[in-house]
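**Student:** Sharing a structure with you now.
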């Protein structure tokens, strides 16, 4: 997908082209975020932004507590295993 074009209505609305909706895996009711980056506007699924903010905050908190990435991954694997075992019951 090189470029898609959409027209702005008198109310400032646009239709997101089908190819873009498919690429972003957007469904009816999904929210999108408009992010200014290097003089351009990037459109992304807003859930991606929420996840990135959460991960950034967790990373900052872990760093402040002196927890290494390796320790965090090991803990995550342990939690995953516990959740998997719980599902199997």
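Numbering (the UniProt record's numbering), first residue to last: 1 to 89. The beta carbon of each residue, even a glycine, is placed where N, CA and C say it ideally should be.
1. One question on the structure: do residue 46 and residue 32 come within less than 7 angstroms of each other, judged by their Cβ atoms?
2. If you drop the 5 nearest sequence neighbours on each side, which residues of the same chain put their C-beta closer than 6 angstroms to that of residue 24?
3. Just the Cα atoms here: how many angstroms apart are residue 56 and residue 67?
4. What does DSSP give as the partner residue(s) for residue 43 in the beta ladder?
5. At the level of alpha carbons, what is the spacing between residue 15 and residue 50?
6. Quick one: grab the DSSP three-state call for residue 63.
7. If residue 28 sits next to residue 17, beta carbons under 8 angstroms apart, how far is it from one beta carbon to the other, in whole angstroms?
8. What's the C-alpha gap between residue 83 and residue 36?
**Tutor:** Reading from the atomic positions:
1. In this structure, residue 32 lies closer than 7 angstroms to residue 46 by Cβ.
2. For residue 24, where only same-chain residues beyond five positions count, the Cβ hits under 6 angstroms are 45.
3. Rounded to whole angstroms, residue 56 to residue 67 spans 14 angstroms at the Cα level.
4. In the DSSP secondary-structure assignment, residue 43 is bridged to 34.
5. Approximately 23 angstroms, taken between the alpha carbons.
6. Looking at residue 63 - three-state DSSP - the assignment turns out to be helix.
7. Actually they do not touch by this definition, with Cβ atoms about 15 angstroms apart.
8. Rounded to whole angstroms, residue 83 and residue 36 show a C-alpha spacing of 38 angstroms.
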